[in-house]
Amino acid sequence: MTLLEVKNLSISFGGLRAVDDFNISIKQGCLYGLIGPNGAGKTTVFNLLTGVYKPNEGIITLGGKNITGKKTIEINQEGIARTFQNIRLFKELSVIDNVKAGLHNHLKYSTVEGILRLPRFHKIEKEMTEQAMELLKVFDLDGEADTLAANLPYGKQRKLEIARALATKPKLLLLDEPAAGMNPNETLELMDTIRFVRDNFDMTILLIEHDMKLVSGICEELTVLNFGRVLCQGKTADVLNNPEVIKAYLGE
Amino acid sequence: MKKLLINKTLKQNLITYGIVIVAYLVIQIMVSLGLVSSLLKGLLVPLCVYAILAVSLNLVVGILGELSLGHAGFMCVGAFASAFFSMCMKSTNMPSALRFLIAILIGAASAAICGILIGIPVLRLKGDYLAIVTLAFGEIIKNIVNSLYIGLDEAGFHFSMESTMDLNLSETGTVIIKGAQGITGTPNDSTFTVGVILLLLTLVIVLNLIHSRDGRAIMSIRDNTIAAESIGIHVTKYKLMAFTISAALAGVAGVLYAHNLSSLTATQKNFGYNQSIMILVFVVLGGIGNIRGSVISAVILTLLPELLRGLNDYRMLIYAVVLIVMMLFNWAPKCIEWRAKLLYKFKNKKTAKEAE
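Protein sequence lines correspond, in order, to chains A and B. Counting with the numbering used here, you get residues 1 to 252 for the letters of the first sequence. Counting with the numbering used here, you get residues 253 to 608 for the letters of the second sequence.
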């Protein structure tokens with residue numbers, strides 16, 4: 001079953017066609033990679049998918065539903081969550097509060113219930129804490145639940161961002177360079193975590209990555225972008241052996 | 253682990269309430285023993301007013317991360333709306349407690365409405381626009397009030413922006429708001445006890461809001477708006493919520509202020525730009541985002557110029573030095589380090605004693 005279907009997606013900034021005629025089709029449960037040289041438009045595709053930019057042309061459908069041109073928060077509610085290339089955590093909040101903020105739209109009580117500390121506040125907060133701790137455990141962050149997010153080491157900040165995205169209970173998770181700045185050990189660990197998330201949360205994952213070891217290690221299918229256009233698309237092994245991809249991105 | 257955290261915030265909140273209650277009791281005892289000068293007695297209600305203002309502004313500056321330079325304007329709205337109501341009801345035989353309660357609600361509601369009206373267009377923008385617009389709002393409100401004439405006779409209310417004569421009141425009519433002369437004869441319903449109760453209420457509302465789902469949403473917007481949107485938090489809604497609650501609380505402070513004076517006028521000194529900056533000074537020196545600090549710094553900085561009155565020429569000099577010292581104490585990295593060390597030592601001693 002196809003979860004995400006993108007057709008003829010294009011956007012221009014002034015005279016620059018940042019993404020041109022982009023097509024992608026991602027099956028439910030797939031681990032999909034989006035690679036390409038710097039400036040190829042990978043992050044722009046993410047921004048288009050999450051409604052940060054409105055596309056000039058094209059249609060985005062998620063689970064058969066057209067989500068083109070919707071606002072970021074609506075798209076999140078439809079089931080797309082993302083992480084950012086340059087980490088965007090809530091730095092002055094504790095680790096657990098970052099995840100609880102992600103649960104914002106799933107566990108609710110009203111402002112009045114919150115201010116008056118009515119029973120519902122305690123009940124929902126307890127539920128939030130339980131769910132958040134469960135997520136933190138997956139990423140081995142439960143020991144640092146009360147730490148300020150800003151004080152976490154880099155690798156853990158990346159993990160926390162994924163945990164926060166998962167807290168919004170998405171169908172599709174977009175990871176923007178999850179392994180950037182990680183050492184080889186951390187990258188290996190991250191690969192396991194991503195697989196674990198896919199298997200245990202029944203998640204479809206689209207990720208941008210430059211680390212070829214990670215890409216070839218976990219991605220089942222790949223799309224290569226170059227100058228805003230799709231250069232090659234298909235099974236990972238086929239794509240990585242494609243002469244054009246080697247020439248444009250991997251190096252001969 | 254998390255249970256510990258909830259208890260920790262609860263403990264911190266209780267300490268804040270405790271400080272206020274203890275300070276209240278100490279002052280009450282001192283007053284009954286006759287140890288408080290009349291000058292200081294006159295300052296008790298303003299202390300509560302400024303503490304409420306500082307806490308409410310901290311909600312915008314520290315928690316929401318936006319800059320408002322018009323909090324005196326919201327205070328002005330609350331003050332005049334409530335004083336107007338109290339003047340209208342003064343002649344009826346409504347019990348004064350009930351009248352004051354309604355006056356407080358009216359003051360809060362009118363300031364909140366102004367907050368919403370300003371917030372809807374301005375909070376959608378990014379950057380310093382909120383500061384610019386609120387600054388203008390404060391000045392505009394002050395000037396409107398200064399040229400507003402409202403009178404009451406058997407035919408109902410009469411409005412004018414010109415003069416008392418333009419109201420065309422009948423002979424039995426009374427002028428309630430007299431332009432630049434403001435409102436005279438407002439019932440003095442504000443007492444220190446009421447002020448402290450309102451301050452405690454403000455603290456409960458703000459602290460409980462911060463440590464709830466909405467507070468998390470507000471702070472997540474402050475820390476990273478783009479990320480907040482990406483996890484489905486309605487940015488404009490929560491900005492507006494924080495701003496409106498803050499405006500309403502400033503309105504309550506205005507009510508308290510208005511009912512402490514028999515004649516209420518809008519001047520540069522009480523509702524002008526300087527006042528807004530003064531409130532901001534309380535917030536910055538008390539620690540941005542630190543609610544308890546706001547209360548303490550508001551109290552210290554309100555008391556200080558009055559207590560130093562005897563020193564005459566050196567008064568403002570000492571005041572300035574205290575400002576600088578407080579700034580260093582709260583913000584200098586070395587000082588923060590030193591405080592953390594001190595706290596650590598203190599805690600260690602305590603645990604060591606307990607171990608014995």
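Cβ atoms here follow ideal geometry from the backbone N, Cα and C, with glycine treated the same way.
DSSP, reduced to helix, strand and coil, places residue 179/A outside both helices and strands of the structure shown, so it counts as coil.
Two segments are said to touch when three or more pairs of C-beta atoms, one from each, lie closer than 8 Å; by this definition the segment 235-245 of chain A does not touch the segment 68-76 of chain A.
At a cut-off of 4 residues, the continuous stretches assigned as alpha helix (DSSP H) that sit fully inside the segment 495-566 of chain B are 520-523, 525-538, 543-559. Residue 315/B is outside the set of residues whose beta carbon lies under 7 Å from a beta carbon in chain A. In this structure, DSSP gives residue 412/B an extended state, which the three-state scheme calls strand. Residue environment for residue 318/B: buried (at least 16 other C-beta atoms within 10 angstroms of its C-beta). The C-beta of residue 101/A comes closer than 7 Å to at least one C-beta of chain B. The three-state reading of DSSP puts residue 86/A in coil, since its state is none of H, G, I, E or B. In this structure, residue 305/B sits near residue 505/B, with a CB-CB distance shorter than 7 Å. Segment contact: the segment 291-299 of chain B against the segment 481-492 of chain B, fewer than three CB-CB distances shorter than 8 Å; contact not assigned. A distance below 6 Å between beta-carbons, with the five flanking residues on each side excluded, links residue 205/A to the following residues of its chain, in chain order: 31, 173, 198. Among the residues of the segment 322-347 of chain B, none has a Cβ less than 9 Å away from any Cβ of chain A. Excluding its 5 nearest sequence neighbours in each direction, residue 274/B has no C-beta neighbour in its own chain below 6 Å. With distances taken between CA atoms, residue 180/A lies nearest to 154/A out of 165/A, 69/A, 154/A. Separation of residue 61/A and residue 128/A (C-alpha to C-alpha, rounded to the nearest whole angstrom) is 31 Å. When DSSP assignments are scanned along the segment 69-148 of chain A, the uninterrupted stretches of beta strand (DSSP E) that are 3 or more residues long and fall wholly within it turn out to be 80-82. The C-beta of residue 88/A comes closer than 7 Å to at least one C-beta of chain B. Shown here, residue 22/A sits in a strand according to DSSP, grouped into three states. The alpha-carbon of residue 58/A is positioned some 4 Å away from that of residue 9/A. Between the segment 217-231 of chain A and the segment 24-38 of chain A there are three or more C-beta pairs closer than 8 Å, enough to call the two in contact.
Judged by pairs of C-beta atoms under 8 Å, the segment 341-360 of chain B does not touch the segment 575-588 of chain B, as fewer than three such pairs exist. DSSP lists 206/A, 221/A as the bridge partner or partners of residue 32/A. In this structure, DSSP gives residue 276/B a helical state, which the three-state scheme calls helix. Chain order gives the chain B residues near residue 93/A as 468, 471, 472, 475, where near means a beta carbon separation below 8 Å. Neighbours of residue 115/A in chain B, taken as residues at a C-beta separation under 8 Å, are given in chain order as 456, 457, 460, 461, 464. Relative to residue 421/B, the option among 330/B, 296/B, 407/B whose CA is nearest is 407/B. CA-CA distance, residue 580/B to residue 232/A, rounds to 59 Å. Listed by position along chain A, the residues whose Cβ is nearer than 7 Å to that of residue 484/B are 73, 76, 77, 104, 105, 168. Counting other Cβ atoms within 10 Å of its Cβ, residue 157/A reaches 16 or more and is therefore classed as buried.
When 8 Å is used as the limit between beta carbons, residue 365/B is near no residue of chain A, the shortest such separation being about 18 Å. The distance from the Cβ of residue 503/B to that of residue 360/B is about 5 Å, consistent with a contact at the 8 Å cut-off. Under a criterion of Cβ atoms nearer than 7 Å, no residue of chain A is adjacent to residue 318/B; the nearest Cβ is some 15 Å distant. Close to residue 406/B, with beta-carbon spacing below 7 Å, lies no residue of chain A; the smallest spacing is near 41 Å. In summary, residue 561/B is exposed, with fewer than 16 beta-carbon neighbours lying within 10 Å of its beta-carbon over all protein chains present. Residues of the segment 486-500 of chain B with a C-beta atom less than 9 Å from some C-beta of chain A are 486, 487, 493, 497, listed in chain order. Annotated three-state conformation of residue 52/A is coil, per DSSP.
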